[in-house]
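Residue numbers (my numbering), protein chains in the order written: chain F, 1 to 632; chain V, 1001 to 1632.
There are 2 protein chains.
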Amino acid sequence: MSVEDNTFEITFLPDNVKIQAEAGESIMEIANRGHIHINASCGGEGVCGRCQVELREGEVTASPGLYLSEQDFAQGLRLACRAKANGPATFYIPIESRADSTSFKKATKAEESLEVEARDPMVRQYNLEMTPPDQADNAPDLDRVSQALAGQGLTDLDVELGAIKKMPQILRNENFQVRASVFFEPPLADPQRPPYGRLLALSKAPLDETYYGLSVDVGTTSVWIRLVDLATNTVFPAVGDLNSQISFGEDVISRIVYASKGNGLQKLQSQVIGTINGLLARLEESYPKFRENLFLITAAGNTTMSHLLVGVEPKNIRLSPYVPPIGSWPSIRPSFLGLDVASHTVMKIFPAVSSYVGGDIVSGVLASKLHERPELTLFIDVGTNGEIVIGNQDWMTCAACSAGPAFEGGGVKCGMRAAPGAIEEFHYEPERKKHHLGVIGRGLPIGVCGSGLINIVAELFRGGVISKQGKYVEGSSPLLREGEDGWEYLLAPAQESAGGRDVVLTEIDIENLIRAKGAMFSGYQTLVEAVGLSMGDLERVIIAGGFGSSLNLDNAICIGLLPNLPLERFTYIGNSSLTGATLALMSTNKWLTAQEIRSKMTNFELSETPGYMDKYMATQFLPHTDGSLFGL
Amino acid sequence: MSVEDNTFEITFLPDNVKIQAEAGESIMEIANRGHIHINASCGGEGVCGRCQVELREGEVTASPGLYLSEQDFAQGLRLACRAKANGPATFYIPIESRADSTSFKKATKAEESLEVEARDPMVRQYNLEMTPPDQADNAPDLDRVSQALAGQGLTDLDVELGAIKKMPQILRNENFQVRASVFFEPPLADPQRPPYGRLLALSKAPLDETYYGLSVDVGTTSVWIRLVDLATNTVFPAVGDLNSQISFGEDVISRIVYASKGNGLQKLQSQVIGTINGLLARLEESYPKFRENLFLITAAGNTTMSHLLVGVEPKNIRLSPYVPPIGSWPSIRPSFLGLDVASHTVMKIFPAVSSYVGGDIVSGVLASKLHERPELTLFIDVGTNGEIVIGNQDWMTCAACSAGPAFEGGGVKCGMRAAPGAIEEFHYEPERKKHHLGVIGRGLPIGVCGSGLINIVAELFRGGVISKQGKYVEGSSPLLREGEDGWEYLLAPAQESAGGRDVVLTEIDIENLIRAKGAMFSGYQTLVEAVGLSMGDLERVIIAGGFGSSLNLDNAICIGLLPNLPLERFTYIGNSSLTGATLALMSTNKWLTAQEIRSKMTNFELSETPGYMDKYMATQFLPHTDGSLFGL
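As structure tokens, this is what we get:
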């Protein structure tokens, strides 16, 4: 250090980033300058206490206060916004204080992709101005309406029974100045065919132009809905809930089995309808009269979820040769299914490619723009049923992998869904043989969710606690012990857990994760090789699904779940199924594009594709039997 | 009588027809030779007793027997099949023994007109033969079906939810050889537009090709239905029943009033649906499984009945300017209305011209072929609401007349509907000042129905008992008396009536009939004059409706209900509303023709047409103030 240079270094762990600093700067200022995110919801005013950092080496000017007890202070905790640097120091940023940049990124991406070129929804509204009848012209009300529609170029419309029942009253109440809502059935096969129009409803012309559409993502685990003002393409925040079918089985296979027994199909249908109805009731709190102005629903779900939503027996989905009853769905009246919407509301369900590559993937690809771009792209939706699409604007192949429930926290001793209390983030310090936990909701841990499992296994593998074979390395950690299910690693002792029992990771859990990641990875390999390419040719990797948002890329590559590619090729796109459904809600053209995507996709049944099993067996190592795939 | 000529004359009353006969011939043989119909359901075997005739003059060889008591014989009754002529004689054929030639004629006509040029129903069936799925081709079931349909030229079909729910099971049960039922929505405005197809159902391909359609005539008083095998255009006998709405009002106005109160609309709808359901249950006795193979219903009714069937508030029909909510109906799912048919059944309702010229008239005109022929034709449906159409293949005008209830037996002291016990036929012998009654069902009389009223008034008018002014001529008959409502004619004393009370015809009854016939006649005049023609220009008169079948033409002309034209210009076509509906059931082309008929018709609101009231006033005589109209 020269006399001219009175700067010094502040080191931030766990990323080991070193930033030059001057005396008197706050630790927060220094971190910001280095693009290191530390939570500070008060903006650095010292009043929220969320920017706690742990002083590991050196000293700073700081004192205890409202948010730091004497004991905290003694253990090294400081508020980054209040602590002033006065010399070299090293800080550890606890998981709780790290900004969730991933979810910011995701949110930004999702909103961006919700732009459509044209406002051309399947339901459009028209203001009709008619001359009231008199003795010289006493044509029937509907003739008058038809003429007014014809005046706007709409001839040969079919008319809903519901639209005519209240027609006489509405026409007279509104003195024959009304709003007509017309649904245009998109052509199924021949795009040249004129769309078939259907008058859904006549209503009072409101002061504003608002009318609504709703996009729905029917997931096996969660259901999300999103209201859109179709007059202006204003997108409102999505709301979601657990799919209450979950009480009848966690994965699609168990749902199909349940549906095949007695009135199981009706029961599962009424469960998911009930879940959506609950979400609609929540929407109503913010948009009190949306139902009467809701005309269109687009819904995307996997093949099984779509069948259960409509109430079509899904039995054959799981029986070889895996023939789903319906790929491309006709228009459906959701009120007939029990959905709490008006009878005039029409529902379009995304088409499925196959039994295990469903409408949610078609919708997701639509959202991802894979089909619009020249780059060779891998689209992944990781879950119990992992779906893979590889292709670009010219061609697409797809496949589903039976990953098993590990990614959803299933089949794991202390596994759980990504809910409050789940260990999601994990950092292991090999030198100190200590770990740090990031728990959803920031309370005490209850168990481990799927992304947590990936992070734990990756960190322990890097730290030498887990071997390439997925076994614990004897003596590598004091937290290893022999439990009732064999060797296990103690993540949190009972007294530091919310459930009052030890939270552990067993070797069986590791095996399950390796099986799951192997199913995915061998799937990519099979599809890539089927078109004569190799993994390195992948120019983009798009990660979709709720899982994607919390996935740590380095860790996922480390265990061999994701291919070993430069990180900048990866993108998270969040709930792309909902995003795609929202796009199709706003644009008939997007809907038609989804049909094209579906018909373009070549489906591979992996279990029946030669070579798949060999590839799968080779994945049963960390990261892979062939280390060269991961630069090893 | 010369020695060479040993023939003699037998005279038959009341028609005063004289036939040459030889000794030993039976009276039946002689009558048959002269085309005089006498009932003989046993074919002349003497075992049915239905050919009783009354010997008025001369003698025959005959004796009493099983069917004739000594007393009958003494009063002159003989069995026509058993009595042998042996010299000149005069017989009176009682009404009971006259064959109902009118109804034979009607039946013949109706069957004749049920022929369509082409078999092109709106629902057609296709046999689909598909290759069962295997691992090489595991496309969704519906894709497979769509491809098979496309192979028969059917692309871009919409698909019913009902059709897909059972699809997987039916395909597999039938090893992918099934029958598809497809509905083609006829174009509404642009006939060049390709019809919009909709897959209604997949079903087991039956051994025969049978599938059904149903035509329905929804009348204010009665409802008739008729099953048709659409594969072969085999027409089964119609079945009918009273419209059970009748408990809530006899005419359309009282139904509209009832519908406007509380849940009156729902109540009336469920009544007529209940009536049709009852008829369907009767059909099921003869055609046990017709419902699952019933795909199409065509329904015709007056404007009010159509609205009540669908459950659309009919209030404005009776409020000036008489605007019906719906003229042209969209396709309707009758199962949604509560009809006991499968959800795949589609219903097409005939379009109405105006509030009082309904789909039954459009259907009736279709059946009458008025629209196909060059002759100037008057089409009449006589009833509480009498409808009139005048026109030919080039143009049509129409109007409705508020005839009042007299033709249905309403507003008449001893009036009743044309049901067993109603006096329908009446013959008056001026010389003997006696009358003969024809009672429906051949029992004792209860009252007088509409056609009976016409016959009685005409006969008494001819016999000098009723004056041109519609008043009784004092002293003209011993059966005239002053009753509590003024002068009346005793048709049957209490001891000869089924109801145990005198059956009479009052002067007020005559007034009501004159008002009713006047409303019709002034309607014809108004329409004829509106197009610059006169009554004599009418080349055909077609009488439709249940009433037509029992109408005596001479008598109807005599009182001024029908125009004074040669009898050969008149035709009865029975329930032309049901016939037209049946034609449209069998042929899309006929359905489209009905739409053309509807749009061709120019409707006149008589009450608002200048000159109508003057014409009406002039009709308030028998037959008319202007006797020259009736050759007087």
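The beta-carbon is built from N, C-alpha and C at its ideal position, and this holds for glycine as well.
is_contact[residue i, chain F] using C-beta, thresh 8 Å
| i | result |
| --- | --- |
| V:LEU955 | Given a span of 1001 to 1632 for chain V in the structure shown, any question on residue 955 of chain V remains unanswerable. |
| V:ASP1141 | yes |
| V:ASP1134 | yes |
| V:THR1155 | yes |
| V:ASN1138 | yes |
Under 8 Å between C-beta atoms of residue i and residue j
| i | j | result |
| --- | --- | --- |
| V:ASN1385 | V:TYR1356 | yes |
| V:ARG1540 | V:THR1571 | yes |
| F:VAL365 | F:PHE379 | yes |
| F:ASN564 | F:PHE521 | no |
| F:ILE246 | F:THR221 | yes |
| V:ARG1119 | V:ASN1233 | yes |
| V:ILE1508 | V:ASP1537 | no |
| F:ILE256 | F:LYS315 | yes |
| F:CYS401 | F:LEU606 | yes |
| F:LEU551 | F:ILE440 | no |
| F:ALA581 | F:ALA342 | no |
| F:PRO330 | F:HIS307 | no |
| V:PRO1334 | F:VAL323 | no |
| F:MET130 | F:LEU296 | no |
Proximity test, Cβ basis, 8 Å: residue i and chain V
| i | result |
| --- | --- |
| F:MET396 | no |
| F:GLN147 | no |
| F:ILE636 | No answer is possible for residue 636 of chain F: it lies beyond the span of chain F, which begins at 1 and ends at 632. |
| F:LEU622 | no |
| F:LEU279 | no |
| F:THR526 | no |
| F:PRO195 | no |
| F:GLU284 | no |
| F:PRO330 | yes |
| F:LYS105 | Unreliable placement is indicated for F:LYS105, whose pLDDT of 32 sits below 50; no coordinate value is reported for it. |
Residue span of the alpha helix (DSSP H) that contains residue i, given as start and end
| i | result |
| --- | --- |
| V:GLU1608 | No alpha helix (DSSP H) holds V:GLU1608; DSSP gives it neither H nor E. |
| F:VAL252 | 252-259 |
| V:HIS1307 | 1303-1310 |
Within chain V, the residues that residue i reaches when beta carbons sit closer than 9 Å
| i | result |
| --- | --- |
| F:THR234 | Those do not exist, as F:THR234 stays about 31 Å from chain V at its closest Cβ, beyond 9 Å. |
Residue i - containing beta strand (DSSP E), residue span
| i | result |
| --- | --- |
| V:ASP1241 | 1239-1242 |
| F:TRP487 | 486-492 |
| V:LYS1413 | Element bounds for V:LYS1413: n/a, residue is neither H nor E. |
| F:GLY438 | 434-439 |
| V:CYS1401 | 1396-1402 |
Closer than 7 Å at the beta carbon, the chain F residues around residue i
| i | result |
| --- | --- |
| V:THR1221 | Ordered by position in chain F, no residue passes the 7 Å Cβ test against V:THR1221, which lies about 24 Å from the chain. |
Contact list for residue i against chain V, beta-carbon separation under 7 Å
| i | result |
| --- | --- |
| F:VAL218 | The premise fails here: F:VAL218 is roughly 17 Å from chain V at the closest Cβ pair, so nothing lies under 7 Å. |
| F:VAL636 | Absent from the structure is residue 636 of chain F, since the part of chain F shown begins at 1 and ends at 632. |
Proximal residues, the segment 599-612 of chain F versus chain V, C-beta separation under 9 Å: Taken in chain order, the members of the segment 599-612 of chain F whose beta-carbon sits within less than 9 Å of a beta-carbon on chain V are ASN603, GLU605, GLU608.
Cβ-based contacts, 9 Å cut-off: residues of the segment 533-564 of chain F near chain V: Of all residues in the segment 533-564 of chain F, none has a Cβ within less than 9 Å of some Cβ in chain V.
Contact set between the segment 1157-1170 of chain V and chain F, restricted to residues whose Cβ is under 9 Å from the partner: Result list: LEU1157, ASP1158, VAL1159, GLU1160, LEU1161, ALA1163, ILE1164, LYS1165, LYS1166, MET1167, PRO1168, GLN1169.
The segment 332-358 of chain F: positions lying closer than 8 Å to chain A by Cβ: No chain A is part of this structure, whose protein chains are labelled F and V.
Against chain V: residues of the segment 179-192 of chain F by CB proximity under 9 Å: Along the segment 179-192 of chain F, the positions whose C-beta sits under 9 Å from a C-beta of chain V are GLU185, PRO187, LEU188, ALA189, ASP190, read in chain order.
Residues of the segment 1302-1315 of chain V with Cβ closer than 8 Å to any Cβ of chain F, in chain order: Correct list: VAL1310, GLY1311, VAL1312, GLU1313, LYS1315.
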